[in-house]
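Below is one structure, written out as structure tokens, with a few remarks after it.
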Amino acid sequence: MLRRDIFRAGFAAAAGLFGLRQASAATGEDRLKVAYHLSDADKVNFVLGNIKNHYEGTGGDVEIVLVVHGPALAAFKANSASGATSSRFAGLVQQGLLPQACGNTMRGMDIALADLLAGFHVADKGGVVKLAELQRQGYVYLRP
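Residues 1462 to 1605 in this note's numbering are what the sequence shown lists, from first letter to last.
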């Protein structure tokens, strides 16, 4: 009888742990977090394509932050962005993309947040600092 009680207790504990594991997955604790680094103006469409593929490949079950600094930031100015870039970017923001513009680049290029495509936030401490912070928070770093 004692063996049966031990077996039941072990089984119940295992089932409880399995239930906790499923609950944490359902709440997004295991959700992949990715930080894309973009500074090269000639890679803007390539990186936006990678992000699109990332969302499609994960069924949207991914948290993506795009950190833009340097020459690439000019490609996201609302008054001069290409129609393809604007459209692609807007679609990614709707899917959950969290774009961050380097505050240092913005000051250096005299760009205000209002000058950028809708959806951007300012990385006040700078793009590279933001990337390091994201990595410390468990984000996977990608620089295509």
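The beta carbon of each residue, even a glycine, is placed where N, CA and C say it ideally should be. Bear in mind the structure is a predicted one, so any value in this text is a computation, not a measurement.
Give the DSSP-derived three-state secondary structure of Pro1532 in the structure shown.
-> helix
Span separating the alpha-carbon of Thr1519 from that of Val1528 | Thr1519 and Val1528: Cα-Cα distance of roughly 20 Å.
Would a C-beta distance cut-off of 7 Å place Asn1440 and Pro1605 closer than the cut-off?
-> Outside the displayed span of the chain (1462 to 1605) sits residue 1440, for which this structure offers no information.
Separation of His1498 from Tyr1602, as counted between CA atoms | 7 Å
Local Cβ density within 10 Å of Leu1509, reported as buried at 16 or more and exposed below that = buried
Please report how far the alpha carbon of Met1556 lies from the alpha carbon of Ala1579, in whole angstroms.
-> The amino acid at residue 1556 is misidentified as Met; the sequence shows Gln. Inter-residue distance for Gln1556 and Ala1579 is about 14 Å (C-alpha atoms, whole angstroms).
Coarse secondary structure for Ala1516, derived from DSSP in three states = In the sequence under discussion, the amino acid at residue 1516 is Tyr, which differs from the Ala named in the question. Looking at Tyr1516 - three-state DSSP - the assignment turns out to be helix.
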